[in-house]
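Numbering (my numbering), first residue to last: 44 to 228.
Following this line, the structure appears as C-alpha cells:
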C-alpha cells in the first residue's frame, strides 16, 4: 500500500511538473506577444507622427514646383530645388523598423492576419525610404547645376517630391488601418 501511495505521488508530481512547465511557457509566450504588440504599436504610432509632420511640407513643396513648371512667364529663370526646400531640408527624421524583429521571434504568437498586416506596413515603409533616398540622390547630382537642364531638373525634382508625398499619404493610411486592426484584436 505504501508503494502505491508513493507511485501515485510520483505520478502526480511529474504530471504537475509538466503542467507547470506548459503553463510557464504559455505565460512567457503571452508576455512576449504583448511586449511585441506594444512595441509595434509604439513604433508605428511614432512613425505615423513623423509622416504627419513631413507629408504636408512635401505636398506644399510639390505644389510650388508644379506652379513653377506651369508658369509660362518664368522666362529663362533657372530652377533651383533649394528655392523650395526650407531649413528643415528634405527629411530629417528616421522611420524605424525595429519592432518588426520582435514579431519574427519564435515565442511571439500573433494572428496570421495581424502578422501579414504588419509585414505589409513595414514593406510599404520601404517605399517611403526609397522615395527619400531618390530625392536626396537627385539633389546631390551634378546635372542639377547645369543651367541648360533647368526645366528638366524641375520636372525630375517635381516627380521625386510628388512621389515622396504620395508614398507618405499612402503610408499614413496604412499606419491608421494597421493601428485600428491591432488595437481591435
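The C-beta atom is built at its ideal place from N, Cα and C for all residues, glycine as well. Keep in mind it's a predicted model, so treat the numbers as computed, not measured.
Looking at the structure shown, is residue 209 part of a helix, part of a strand, or coil, going by DSSP? Indexing the chain shown from 1 puts residue 209 at position 166. Residue 209 falls in the helix class under three-state DSSP.
For the alpha helix (DSSP H) containing residue 93, list its first residue and its last residue. The count along the chain shown starts at 1 and reaches residue 93 at position 50. 45-113 is the extent of the alpha helix (DSSP H) around residue 93.
Are the stretch 189-198 and the stretch 211-226 in contact at 8 Å, needing three or more beta carbon pairs? The stretch 189-198 vs the stretch 211-226: no contact.
Using only CA atoms, which one of 84, 137, 186, 62 lies nearest to residue 230? What is shown of the chain runs 44 to 228, which leaves residue 230 out entirely.
For residue 218, does the count of other Cβ atoms within 10 angstroms reach 16, so buried, or fall short, so exposed? Numbered from 1 along the chain shown, position 175 holds the residue referred to as residue 218. That one is buried.
Going by beta-carbon coordinates alone, are residue 94 and residue 201 separated by less than 7 Å? Numbered from its first residue, the chain shown carries residue 94 at position 51. Numbered from its first residue, the chain shown carries residue 201 at position 158. When the beta-carbon positions are compared, residue 94 and residue 201 stay at least 7 Å from each other.
Buried or exposed for residue 214, going by 16 or more other Cβ atoms inside 10 Å? By one-based count along the chain shown, residue 214 stands at place 171. By the C-beta density criterion, residue 214 is buried, having at least 16 other C-beta atoms within 10 angstroms.
Just to confirm the assignment: which complete beta strand (DSSP E) runs, minimum length 3, are found wholly within the stretch 133-194? Counting whole runs of 3 or more residues, the stretch 133-194 contains no beta strand (DSSP E) stretch at all.
May I ask you to report which of helix, strand or coil DSSP gives residue 128? Stepping through the chain shown from its first residue, residue 128 is reached at position 85. It is coil, neither helix nor strand.
Taking C-beta to C-beta, are residue 69 and residue 146 nearer than 7 Å? Here residue 69 refers to the residue found at position 26 of the chain shown. Here residue 146 refers to the residue found at position 103 of the chain shown. No, they are not a contact pair.
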